[in-house]
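All remarks here apply to the structure that follows.
Protein chains: 2
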Amino acid sequence: MSDTAISEQDQTVRPGLRERKKRLLQEAIEQAALKLFLQRGYEQTSIQDIAEAVMISPRTFFRYFPSKEEVLLGPTRAVVRAGLERLRTLPLPEAQSESEAAYAALRAVMLYIAHLYQQQRRGFLLRYQIARQVPSVAAFYLYALLEAETAFCDLLQERTGEAYERSRLRLLVATHVAALRVALERWLDEGAEGDLQALVKSYLEALH
Amino acid sequence: MSDTAISEQDQTVRPGLRERKKRLLQEAIEQAALKLFLQRGYEQTSIQDIAEAVMISPRTFFRYFPSKEEVLLGPTRAVVRAGLERLRTLPLPEAQSESEAAYAALRAVMLYIAHLYQQQRRGFLLRYQIARQVPSVAAFYLYALLEAETAFCDLLQERTGEAYERSRLRLLVATHVAALRVALERWLDEGAEGDLQALVKSYLEALH
DNA sequence: CATTATAATGTCACTAACTGACAAAAGTCA
DNA sequence: TGACTTTTGTCAGTTAGTGACATTATAATG
Numbered sequence: 001m002s003d004t005a006i007s008e009q010d011q012t013v014r015p016g017l018r019e020r021k022k023r024l025l026q027e028a029i030e031q032a033a034l035k036l037f038l039q040r041g042y043e044q045t046s047i048q049d050i051a052e053a054v055m056i057s058p059r060t061f062f063r064y065f066p067s068k069e070e071v072l073l074g075p076t077r078a079v080v081r082a083g084l085e086r087l088r089t090l091p092l093p094e095a096q097s098e099s100e101a102a103y104a105a106l107r108a109v110m111l112y113i114a115h116l117y118q119q120q121r122r123g124f125l126l127r128y129q130i131a132r133q134v135p136s137v138a139a140f141y142l143y144a145l146l147e148a149e150t151a152f153c154d155l156l157q158e159r160t161g162e163a164y165e166r167s168r169l170r171l172l173v174a175t176h177v178a179a180l181r182v183a184l185e186r187w188l189d190e191g192a193e194g195d196l197q198a199l200v201k202s203y204l205e206a207l208h
Numbered sequence: 209m210s211d212t213a214i215s216e217q218d219q220t221v222r223p224g225l226r227e228r229k230k231r232l233l234q235e236a237i238e239q240a241a242l243k244l245f246l247q248r249g250y251e252q253t254s255i256q257d258i259a260e261a262v263m264i265s266p267r268t269f270f271r272y273f274p275s276k277e278e279v280l281l282g283p284t285r286a287v288v289r290a291g292l293e294r295l296r297t298l299p300l301p302e303a304q305s306e307s308e309a310a311y312a313a314l315r316a317v318m319l320y321i322a323h324l325y326q327q328q329r330r331g332f333l334l335r336y337q338i339a340r341q342v343p344s345v346a347a348f349y350l351y352a353l354l355e356a357e358t359a360f361c362d363l364l365q366e367r368t369g370e371a372y373e374r375s376r377l378r379l380l381v382a383t384h385v386a387a388l389r390v391a392l393e394r395w396l397d398e399g400a401e402g403d404l405q406a407l408v409k410s411y412l413e414a415l416h
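Okay, here's the thing in structure tokens:
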């Protein structure tokens, strides 16, 4: 084994001091931001406030997060990305027809996302309280969902071929995402104490 | 007839110089903004540029429009508002059950909005080109749709009573709006030359 | 360990979207 | 014309976000 081979092997185990500090700082910024948002409100908290709380310059904040919205909704977008990844890697469920397969895959991914939300209910509940009150945050979130929609669409078309024509597929995805969104809204409105997956399931079934 | 009665009567006929100038200026700002957006791009156009084009101070711009997004998407939001107004004023269609009535009303409003879009296809086509490329504009638009969703919901619940439980109604509205949005997207992508109403109709039917 | 390369950070300067306060100008009406 | 109200411009300020560059910390190498 050569030295390079060893260091490459260790790469996953030892991310290096630099990497570790970066992750730590990112986490710290996120936590400090959330704390401040809850204490004084989102709009009453400036980037400078957050930067001071973790003792970095405002410039450095923007090297970790592109915007104030992102520092709040990063985890939310991560969940959506995870759903996308799931759709990319998971095998298509066995189904009668190709279109059935697309439908089943989409459903599975929505439930998977619901599952992820449920695992971090506390954090998402806090974020939701803010998104409800601040238009720019809500708008940011909706845009993330739109991006996800087109990505889901591309991926599904890639994997199921011509089972659906593009525009029908778009509608299918849009309604599924809408169902997820509405279910999520209700779940969070009720304190995130119910069974989100069951809720999503029932909403998806109500689509027909 | 008293003097006040006369002036009140004339109010609709003679809006007064002040009012007329205001409307004119608002129109001028909107047109100048759209022109500049198309010429140099949305993000390359500053409020100051727009203000200079119509020879007002930037401060005055903000007395007419709360944001850059609004000056572009004002008409779009107006169409949605018109749909809301329609739902508020139009009698509920005759239907077997109350839930059927809610469904029919929602469908009628979506088609009405489609009709309004079609009447100004040129303007909306231009706006859409921009919204596609600029995240902040797209996000703003989606937020407007979200607001509309809750408003539709409130109104429908008011008018159809307990035909649907709140959350089911929310889902119904969300899917209808999603269908409208996707249909609109496709129509605009194809140059706004097709029959949007027919498209919306087919998408709404595909919901089942 | 010393040195060199590389990546992260801070500082500075800048643009641009807004907002409040107040005075000047224009429209309204008697 | 003159008093009253609305609109506008000016000014000063806050905040988000970005590019450039010097400084510092980490990493890699002899």
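Just so you know, the sequences run in chain order A and B.
So in the working numbering, spot 28 of the first sequence is number 28, and the numbers just go up one at a time.
Each position in the second sequence, counted from 1, maps to that position plus 208 in the working numbering.
Ideal Cβ placement from N, Cα and C applies to all residues, glycine included.
Review point. From Leu388(B), Tyr372(B), Ser375(B), pick the residue whose C-alpha is nearest to that of leucine 171(A); which is it?
Key: Translated into positions along the first sequence, residue 171(A) becomes position 171. Of Leu388(B), Tyr372(B), Ser375(B), the residue nearest in Cα terms is Leu388(B).
Point to revise | Distance between beta carbons of phenylalanine 332(B) and threonine 417(B), contact taken as under 8 Å | key: Since the first residue shown for chain B is 209 and the last is 416, residue 417(B) is missing from the structure and cannot be characterised.
Review point. Which word fits glutamate 205(A), buried or exposed, when buried means at least 16 other C-beta atoms lie within 10 angstroms of its C-beta?
Key: On the first sequence, residue 205(A) is found 205 positions in, with the first residue counted as 1. So glutamate 205(A) counts as exposed.
Check your understanding: Using a C-beta cutoff of 7 Å, does tyrosine 203(A) count as contacting chain B?
Key -> By 1-based counting over the first sequence, the position of residue 203(A) is 203. Between tyrosine 203(A) and chain B, the shortest Cβ-Cβ separation is below 7 Å.
Check your understanding: Taking the continuous alpha helix (DSSP H) assigned at serine 265(B), which residues delimit it?
Key -> Indexing the second sequence from 1 puts residue 265(B) at position 57. Unbroken run through serine 265(B): none, as it is neither H nor E.
Practice item. Indicate whether leucine 169(A) and alanine 114(A) have their beta-carbon atoms separated by less than 7 Å. Key: Locating residue 169(A) in the first sequence gives position 169, counting from the first residue. Locating residue 114(A) in the first sequence gives position 114, counting from the first residue. Their beta carbons are not under 7 Å apart, which means leucine 169(A) does not touch alanine 114(A) by this criterion.
Check your understanding: To the nearest whole angstrom, what separates the beta carbons of lysine 21(A) and leucine 111(A), a pair I think is in contact under 8 Å?
Key -> Sequence index remark: in the first sequence, residue 21(A) carries index 21 (1-based). Sequence index remark: in the first sequence, residue 111(A) carries index 111 (1-based). Between lysine 21(A) and leucine 111(A) a beta carbon distance of about 37 Å is seen, past the 8 Å cut, so the two are scored as non-contacting.
Check your understanding: Can you tell which of Tyr103(A), Val54(A), Val137(A), Gln48(A) has its C-alpha closest to the C-alpha of glutamine 157(A)?
Key -> Mapped onto the first sequence, residue 157(A) falls at position 157. Of the candidates Tyr103(A), Val54(A), Val137(A), Gln48(A), the one whose C-alpha sits nearest the C-alpha of glutamine 157(A) is Tyr103(A).
Check your understanding: Which chain A residues are close to histidine 416(B), counting only those with a beta carbon under 7 Å from its beta carbon?
Key -> Along the second sequence, read from residue 1 onward, the residue named residue 416(B) stands at position 208. Proximity of chain A to histidine 416(B) at the Cβ level (cut-off 7 Å) is accounted for by His208, in chain order.
Review point. Whole-angstrom Cβ separation of alanine 53(A) and leucine 36(A), contact assumed at under 8 Å?
Key: Locating residue 53(A) in the first sequence gives position 53, where the first residue counts as 1. Locating residue 36(A) in the first sequence gives position 36, where the first residue counts as 1. With a contact defined as Cβ atoms closer than 8 Å, alanine 53(A) and leucine 36(A) qualify at about 6 Å.
Check your understanding: Taking 7 Å as the CB-CB cut-off, is arginine 186(A) touching chain B?
Key -> Within the first sequence, numbered from 1, the residue matching residue 186(A) stands at position 186. Interface residue, yes.
Review point. What do you get for glutamate 69(A), buried or exposed, if any count of 16 or more other CB atoms within 10 angstroms of its CB means buried?
Key: The residue you call residue 69(A) lines up with position 69 of the first sequence. Buried, by the Cβ-count rule.
**Study point:** Chain-ordered residues of the stretch 284-313 of chain B with a beta carbon less than 7 Å from chain A
**Key:** With the criterion set as a beta carbon lying under 7 Å from some beta carbon of chain A, the stretch 284-313 of chain B has no members that meet it.
Check your understanding: Can you list, in chain order, the residues of its chain whose CB lies under 6 Å from that of glutamine 326(B), leaving out five sequence neighbours each side?
Key -> To locate residue 326(B), count along the second sequence from 1; it is residue 118. Non-local beta-carbon contacts of glutamine 326(B) in its own chain, meaning distances under 6 Å to residues more than five positions away in sequence, involve Leu404 in chain order.
Check your understanding: Does DSSP put tyrosine 164(A) in a helix, in a strand, or in coil?
Key -> The residue you call residue 164(A) lines up with position 164 of the first sequence. It is coil, neither helix nor strand.
Review point. Can you tell which of Tyr336(B), Asp397(B), Phe360(B) has its C-alpha closest to the C-alpha of tyrosine 250(B)?
Key: In the second sequence, counting from the first residue as 1, residue 250(B) sits at position 42. The residue from Tyr336(B), Asp397(B), Phe360(B) with its alpha-carbon nearest to that of tyrosine 250(B) is Tyr336(B).
Check your understanding: Are the beta-carbon atoms belonging to valine 317(B) and leucine 353(B) less than 7 Å from one another?
Key -> Stepping through the second sequence from its first residue, residue 317(B) is reached at position 109. Stepping through the second sequence from its first residue, residue 353(B) is reached at position 145. No, they are not a contact pair.
Check your understanding: Which chain B residues are close to alanine 139(A), counting only those with a beta carbon under 7 Å from its beta carbon?
Key -> Residue mapping note: residue 139(A) aligns to position 139 of the first sequence, counting from 1. Chain order gives the chain B residues near alanine 139(A) as Ala347, Phe348, Leu350, Tyr351, where near means a beta carbon separation below 7 Å.
Practice item. Return helix, strand or coil for glutamine 341(B), following the three-state DSSP convention. Key: Numbered from 1 along the second sequence, position 133 holds the residue referred to as residue 341(B). Three-state DSSP puts glutamine 341(B) in a helix.
Review point. Can you tell me whether DSSP reads glycine 498(B) as helix, strand or coil?
Key: The structure shown has nothing for residue 498(B), since chain B only spans 209 to 416.
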